Amino acid sequence: GQLLHIDLQTDDNGDFAIDVPAGEYRIHLVEGDEGQVRIIELAPGDSLQFDLLRSFEMGRSSATAGHDSTAAGPGDRQGLWHTFGASDGLPGFIYTLAQDHEGALWIGTNRGLFRYDGEFFTRISDFGRITSLTVDGDGDVWFADDGYSPRHGNGIGHWDGEQVTRYNLPNNVVNEIHLAADGSLWIGTSDGVNRWLEGRLQPVPGLMNLRVTDIIDDVEGGLLVAHVDGLRRWIDDDHVEDLPTGLNST
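Letter by letter, the sequence shown follows residues 37 to 286 in our numbering.
This is the structure:
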């Protein structure tokens, strides 16, 4: 029989499509050894849609994405403004930015997480399309993709200066990462809020089953959590209240 070997790369949403001759195919993920394997058989004219899922353990660590570094080009300087474009090594479409205590710029893009130190753009993680990003008081970086659809959410990534650790959540579609004034870390997802407490992410009582859109500190203490159905104030685990917004949900 004829052996047909095809390497495919997915789009930003994790999807791919291909036309192949009739026959039997062994399909698997080549990234690591833990991917799911599918054996399929196609007859002429058949069309098949399926998912390949790669499982991760809670808190699984991995090396960075090869520390691929690109020397930054000169850019365009106009007064105080210094603009970089794709020709200067700017990595893809930018969705979010953060600056660490050493002045380095962290860049969330459609190609993953990058660090700019004034000379190089260095890819730290190819986690996906990074749309949420913050630097905590220890200089560690927390980031998440937008989970374009619920099955593509990657949870939370944590860079400690040496490696990236991924943490799964009850709902991996992360909409907001909030670093509170007291240094605590809060994660808003499409199914509620989790916080980093005692070395792990834990659901917050009174803030679950909410499609969270934003989290900010409340000037009176605690947090204000915006969600698609309104606004909720969290004072502590025993004191949570819904606030009037004057807006009618549609």
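Here a beta-carbon is modelled for each residue, glycine too, at the ideal position from N, C-alpha and C.
Given the structure is predicted, the values throughout are model-derived calculations rather than measurements.
When DSSP states are grouped into helix, strand and coil, D124 belongs to the helix group. Ranked by Cα distance from N204, the first of W232, S220, A217 and D136 is W232. DSSP lists W178 as the beta-bridge partner residues of T170.
Of E60, D181 and G115, the smallest CA-CA separation from R147 is found for D181.
Less than 8 Å divides the Cβ of V209 from the Cβ of T225. Apart from the 5 residues on each side of it in sequence, F150 sits with its Cβ closer than 6 Å to the Cβ of P127, I143, F157 and R159 in its chain, given in chain order. Across the set I252, A262, D265 and D273, the C-alpha of D273 shows the shortest separation from the C-alpha of Q238. In the three-state DSSP reduction, I143 falls in the strand class (E or B). If you draw a straight line from the Cα of G175 to the Cα of D162, it comes to about 20 Å. Here L259 is near D253, since their CB atoms are less than 8 Å apart. Counting the other CB atoms within 10 Å of its CB gives L243 a total of 16 or more, which places it among the buried residues. Your pair I213 and W178 checks out as a contact, with CB atoms roughly 6 Å apart and the cut at 8 Å.
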